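Data first, discussion second: the structure below is written as structure tokens.
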Amino acid sequence: MEEVQVAPSQVRILKTERKWLGEHAEYRAGWYCKKTGAEILMVPAVHSIWQDGPGPCAGDGETQTVFHLYCPDCEKEPEFEYGSPVQADDLMFAQNG
Ligand SMILES: [Zn+2]
């Protein structure tokens, strides 16, 4: 079902998770939890990308792999339904690694 891809140098992530990262972790040649020092992990999930805006064209069925950030010590691994929608406006690119 879910394609495993070689991680590209740039990955799609959610802005909300990037914000969380800045609060939860600190950068030391990689992102590490401020509380426990655990390395922050990324898990890929396939989402339908919904273009925001007026009109019936919203949700054209395009799917993209989005990487989700999580702390393995403070959270459990997030799970996402295949193809669950995310807003295009919520996406940003991040350097991988
Ligand atoms: Zn943590």
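Counting along the sequence shown from 1, when you hit position 73 you're at 1218 in the numbering used here, and nothing is skipped either side.
Virtual Cβ for every residue (Gly too), placed ideally from N, Cα, C.
From a predicted model like this one, the values you see are computed outputs, not experimental measurements.
Phe1212 is bridged by DSSP to Pro1189.
Contact check for Arg1157 against Phe1238 passes: the beta carbons are separated by less than 8 angstroms. Sequence-distant partners of Thr1208 (beyond 5 residues in either direction) whose C-beta falls short of 8 angstroms from its own C-beta, in its chain, are Val1191, His1192, Ser1193, Ile1194, Gly1228. Counting C-beta atoms within 10 angstroms of its own C-beta, Val1211 has 16 or more neighbours from the protein chains shown and is therefore classed as buried. By the neighbour-count definition (other C-beta atoms within 10 Å, threshold 16), Tyr1215 is a buried residue.
Taking the CA atoms as reference points, Cys1219 sits about 26 angstroms from Ser1154. By the 16-neighbour rule on beta-carbons within 10 angstroms, Ala1233 is exposed.
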